[in-house]
Amino acid sequence: MSGFVIGRLLHLVPVLLAVTVLTFLMAALLPGDLAVVMLGDQATPDKVAALRHDMGLDQPIWWQYLHWLAGVAQGDLGRSFRTGETVIGAVAGRLPVSLELMLMAEACGLAIGVPLAIVCAVRPGGAFDRLMTGSAFGMLSVPVYLWAIILIYLFAVRLRVLPATGWVPFAEDPVGNVRSFVLPALALALGEWPVLMRVLRSDMITTLQEDYIAMAKAKGLKPSRILLVHALKPSSLTLVTVSAINIGRLIGGALVVETIFALPGIGRLLVGAIYARDFVILQGVVLFAAAGFVLINFAVDILYAMLDPRIRHGRA
Amino acid sequence: MAALDVGIDAAIGTPVRGRRIGLVTWMAAGWLVLIIAAAVFADLLPLDSPTDMDMLGRRLPPGAEHWLGTDGLGRDMLSRIVFGARVSLTVGLVSAFIGLSIGGAIGLLAGYFGGRFESLAMAGIDVLLAFPPLVLVLAITACLGLSLFNLTATIGFLSIPPFARVARAATSSVARRDFVTAARALGATHTRILLRELLPNVLLPLVAFFLLAVAVTIVVEGALGLLGLGVPPPQPSWGGMIGEGRDSLEIAPWLAFIPAGAMFLTVLSFNFVGDRLRALTDPRPGAL
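If you read the sequences in order, they're chains A and B. Using our numbering, you'd call the opening residue of the first sequence number 1481 and step up by one each time. Using our numbering, you'd call the opening residue of the second sequence number 3 and step up by one each time.
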């Protein structure tokens, strides 16, 4: 197991380094001069040159990269030249909102997908199974932002039971806070459950054909116990991986959904930074999101190997 | 929302059964033909201008004069849907084609030659896959500036890794088979083996994946349009129209739901045809 972890770690370091290079180049190779962008068109050439010198923009690009990387390693990703806020501060302030949204979405997605998958797997090819796999296929073609519009129309415009915007901090008004998350989380979950249901369903069907399930039936165990205890756990390996792979998809979805519902999360920070052409924040958020994504995938690889011995011995 | 991560969906079983081409597949293909033809011949069709405003006829409901109504600036919705299809389909088809040709070539070479080239190519691909896709698309297009060309090029570039993975997996599953060894024993060159023996075997799964990738790309383009980061106005795009319609859900919900419906039907059709093709090319009975 430790050999496997070391192997994955050795793989992780170059990927993370490459991610920093790409993120740095993206902002550094921007058309236009950052100093001019910051000072405005009216700035005198002297002032621009002075600022370029201060920011190290007159140095060769590899030197700028190393300088930036050294800052990143010490937790200094720079500060917004518009608001003066540090990147770390901006991200830390908005991260809880995005995490709350994604956790609620994943929980809702599992709450819809897992029971449906189990019921489908009991009678594969039956009427219910055909109906659900068919609707899951159709729902995969509905982008989350369409769900968001549909939910806003139904619950905020027509029924007027839930707010479409109006986030409040949890500490101020816990109920209002959760209410403001219901529609955005549901929009994400509606895009998520078909994927989760489809993987769990097909793994469940395979598991239910195993001999030990027949054995459990022969022993006279209750069907619900067989399904939930004996079959669910060995069938959920792919579900774990897919949920993790889906985090990339979820981050993208959260970005759009946060903007639509005006939730002050990381996605909104990124989109706002693009509108304001605030490239320091943009660069910081992209680096943060990519590094987070890589680390989550790393953690999932490890978790997966812990769950399934075949992986860590390289036999799967 | 899935920028460019169709791999997962493509790996999962499908609800479609039987090897017949069903009615629904014909309907999906029919919709695709209709919308592509409309987009190609948009200039020849008897449509109002998609950008001419009419301040006296704003937010008209669908009717005889304007079949799909008019938007918040009095522009004809039907015409905007058709011209918006141009943007969605151009971005969708062209960028997926970039992914198919470059990613397919990389995957084919990596799967056939293996060794150091394979490790290097796959390492590069791992790095690109390390970014949450939509975040990277947004950041790059924001840096390059908004235009149809930049949008297509960026999404095209980012769809190379998934195609390379699919092509490599398909290639390495046939590269060690007897007919390849036989071809080599007969003195076939690498080029000949790649083009005549391997390519025909990996082309169909790649084309099926291409159709699924087009669907995903249209969704991504729509997300950018919705955020106001797609093609610049007044050029219509479905995502942009959904974004504009969102502001008037109270008074004129059809402004958001008409482009949403067009996008849904198109994405569903690409998914459906792609999925059928994938099932037909997969010899395992369980895949159907």
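Beta carbons are placed, not taken as given, at the ideal position from N, Cα and C, and that holds for glycine.
field: Secondary structure of R1559(A), DSSP reduced to three states
entry: strand
- request: Compile a chain-ordered list of the residues in the segment 236-263 of chain B whose CB is closer than 7 Å to at least one CB of chain A.
  value: I244, R248, L251, E252, P255, A258, A262
- prompt: What's the gap between the Cα of E1586(A) and the Cα of E1672(A)?
  reply: 7 Å
message: Taking the straight line between their C-alpha atoms, what separation do you get for P1540(A) and T219(B)?
response: 37 Å
message: Distance check for L1581(A) and L1531(A), CA to CA, integer angstroms please.
response: 40 Å
query: Hey, does N1657(A) have any beta-carbon neighbour from chain B nearer than 9 Å?
result: no
field: Contact set between the segment 45-58 of chain B and chain D, restricted to residues whose Cβ is under 9 Å from the partner
entry: The structure shown contains no chain D; the protein chains it does contain are A and B.
field: For D78(B): DSSP bridge partner residues
entry: T72(B)
- prompt: So is P163(B) in contact with chain A if we call contact Cβ pairs under 9 Å?
  reply: no
For Q1689(A), the first and last residue of its enclosing alpha helix (DSSP H): Note, Q1689(A): premise wrong, no alpha helix (DSSP H); not H, not E.
task: Just mark E223(B) as buried or exposed, buried being the case when its beta carbon has 16 or more other beta carbons within 10 Å.
output: buried
- request: Under 7 Å between beta-carbons, which chain B residues line up against M1506(A)? List them in chain order, please.
  value: A141, I142, C145
- request: Express the C-alpha separation of F1661(A) and G15(B) in angstroms, rounding to a whole number.
  value: Summary for G15(B): the model assigns pLDDT 45, below 50, so the residue's position carries little reliability; its value from the coordinates is reported in the next sentence. Approximately 32 Å between the Cα atoms of the pair.
Exposure of W1543(A), with buried meaning 16 or more beta-carbon neighbours within 10 Å: exposed
- prompt: Between L1730(A) and L1750(A), which are expected to be in contact by the criterion C-beta below 8 Å, what is the C-beta distance as a whole number of angstroms?
  reply: L1730(A) to L1750(A), Cβ: 15 Å. No contact.
query: How big is the Cα-Cα spacing for M1612(A) and C1600(A)?
result: 7 Å
message: Taking its Cβ as the centre, do 16 or more other Cβ atoms sit within 10 Å of P235(B), making it buried, or is it exposed?
response: exposed
query: Near R1574(A), which residues of its chain fall below 8 Å by C-beta distance, leaving aside the five closest residues on each side in sequence?
result: P1744, G1745, I1746, R1748, L1749
Host alpha helix (DSSP H) of I1727(A) (start-end): 1717-1741
message: Restricting to Cα atoms, I'd like to know which of A1616(A), Q1763(A), A1770(A), E1652(A) is closest to D1556(A).
response: Q1763(A)
- request: Can you give me the Cβ contacts of V8(B) inside the same chain, cut-off strictly under 6 Å, excluding the 5 residues immediately before and after it?
  value: Note that V8(B) scores 43 on pLDDT, short of 50, meaning its location in the model is unreliable and no value can be drawn from it.
- prompt: Is L1620(A) near R1681(A), with beta carbons less than 9 Å apart?
  reply: no
message: On the criterion of 16 or more Cβ atoms from any shown chain inside 10 Å, does W28(B) qualify as buried, or is it exposed?
response: exposed
Euclidean distance between Cα positions of T173(B) and L1634(A): 48 Å
- prompt: Is Y1625(A) close to chain B, meaning its C-beta is less than 9 Å from at least one C-beta of that chain?
  reply: yes
field: First and last residue of the uninterrupted alpha helix (DSSP H) at V222(B)
entry: 201-228
- prompt: So which of I244(B), A264(B), T268(B), F266(B) has the shortest CA-CA distance to L257(B)?
  reply: I244(B)
task: Counting only runs of 3+ residues fully inside the segment 1594-1668 of chain A, write out the beta strand (DSSP E) ranges in chain order.
output: none
field: CB of A1711(A) within 9 Å of CB of L1676(A), strictly
entry: no
Identity of the residue in L1783(A), D1781(A), I1693(A) nearest V1602(A) by Cα: I1693(A)
task: On a CA-only basis, which of E246(B), L229(B), A141(B), F211(B) is nearest L279(B)? Give me that one, please.
output: F211(B)
field: Close beta carbons around A31(B), own chain, < 8 Å, minus the five adjacent residues each side
entry: S271, V275
message: Give me the chain B residues within the contact set of A1498(A), using Cβ-Cβ distance strictly less than 7 Å, ordered along the chain.
response: V129
task: Return no unless some Cβ of chain B is closer than 9 Å to the Cβ of L1750(A).
output: yes
message: Cβ closer than 8 Å: which chain A residues qualify as neighbours of L25(B)?
response: Going along chain A, no residue has its Cβ under 8 Å from L25(B), so there is no contact; the nearest lies around 14 Å.
message: Cutting at 6 Å between CB atoms, please list the residues of its own chain near V1538(A), excluding the five before and the five after it.
response: The identity of residue 1538(A) in the sequence shown is Asp, whereas the question assumes Val. Only R1532 meet the Cβ criterion.
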